[in-house]
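A short write-up of the structure that comes next.
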Amino acid sequence: MKRIQTMKRRAQAGFTLIELMIVVAIIGILAAVALPAYQQYTKKAKMSEVILAASACRTNITEVYQSASGSVPAANAWGCESASQTSKYVLSVVTDDVGKITVTATGFNDAAIDGQKIDLVPYKDAANPMAGAGDAGKQVFKWTCGPSTSNPMPTTYLPGSCRG
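Written out as structure tokens, the structure is:
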């Protein structure tokens with residue numbers, strides 16, 4: 000009788016090799032699914048810095064439009080541009096003659112992102128973008144954010160607030 004009780008105690012002492020292998024396999028499957036999702040998430044988080052780089056320029060252009068009387072600056076003369084790298088993830092910030100801001104991304108070590116561009120466009124009403132000197136003195140109705148027309152940033156990497 001004592002021998003049976005001793006065998007029962009040994010049988011309950013730990014996990015079997017099969018049980019441990021099942022746990023390791025489950026962890027491996029979860030990691031295989033979670034790792035790509037995490038990498039996508041970190042790229043989107045870094046992309047928010049690229050969008051943030053344009054916010055100072057957006058404020059500048061909005062103020063110029065609202066306070067201007069008859070004229071607006073030429074391309075790259077709004078006072079907020081940078082042709083050189085401004086941060087780890089922003090290669091350049093440029094503007095055109097109507098105030099469209101184009102930000103170029105860098106530093107992601109991903110060919111699908113590095114060198115790609117995002118545009119922020121000021122609108123005078125719900126459907127029409129600002130048109131330059133003709134809109135001087137008017138209020139900017141809204142800003143739209145999205146992939147540029149040249150070297151467009153894939154929308155999968157853009158934050159939800161920057162998809163048009």
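Per numbering that gives the first Met the number 0, residue 0 is the first one in the sequence shown, and the count goes up by one each step. From the three backbone atoms N, C-alpha and C, an ideal C-beta is built for every residue, glycine too. Just so it is clear, the structure is predicted and the values come from calculations on it, not from any experiment.
From 16, 42 and 34, residue whose alpha carbon lies closest to that of residue 152: In terms of CA proximity to residue 152, 42 leads the group 16, 42 and 34.
Distance CB(residue 90)-CB(residue 105) smaller than 7 Å: Result yes, Cβ atoms of residue 90 and residue 105 sit closer than 7 Å.
Beta carbon of residue 147 nearer than 7 Å to that of residue 118: Pairing residue 147 with residue 118 gives a Cβ-Cβ distance under 7 Å.
For residue 141, the residue or residues it bridges with in DSSP: Partner(s): 122.
Beta carbon of residue 71 nearer than 7 Å to that of residue 27: Contact flag unset, no.
Close Cβ partners of residue 65 (< 8 Å) along its chain, the five nearest in sequence each way excluded: These residues qualify, in order along the chain: 136, 137, 138 and 139.
Beta-bridge partners of residue 102, as assigned by DSSP: Bridge partners of residue 102: 92 and 117.
Per-residue DSSP class, three states only, for residue 70: DSSP places residue 70 outside both helix and strand once states are collapsed to three, so it counts as coil.
Segment contact flag, the region 152-162 with the region 29-44, C-beta cutoff 8 Å, min 3 pairs: For the pair of segments examined, the region 152-162 was found to touch the region 29-44: the number of CB pairs separated by less than 8 Å reaches three.
Per DSSP, the bridge partner or partners of residue 146: Per DSSP, 117.
Residue 94 vs residue 77 beta-carbon contact at 7 Å: In this structure, the beta-carbon distance from residue 94 to residue 77 falls below 7 Å.
Near the ligand SAM: residue 129 beta-carbon under 6 Å from a heavy atom: In terms of ligand content, the structure shown is empty, and the ligand SAM therefore cannot be addressed.
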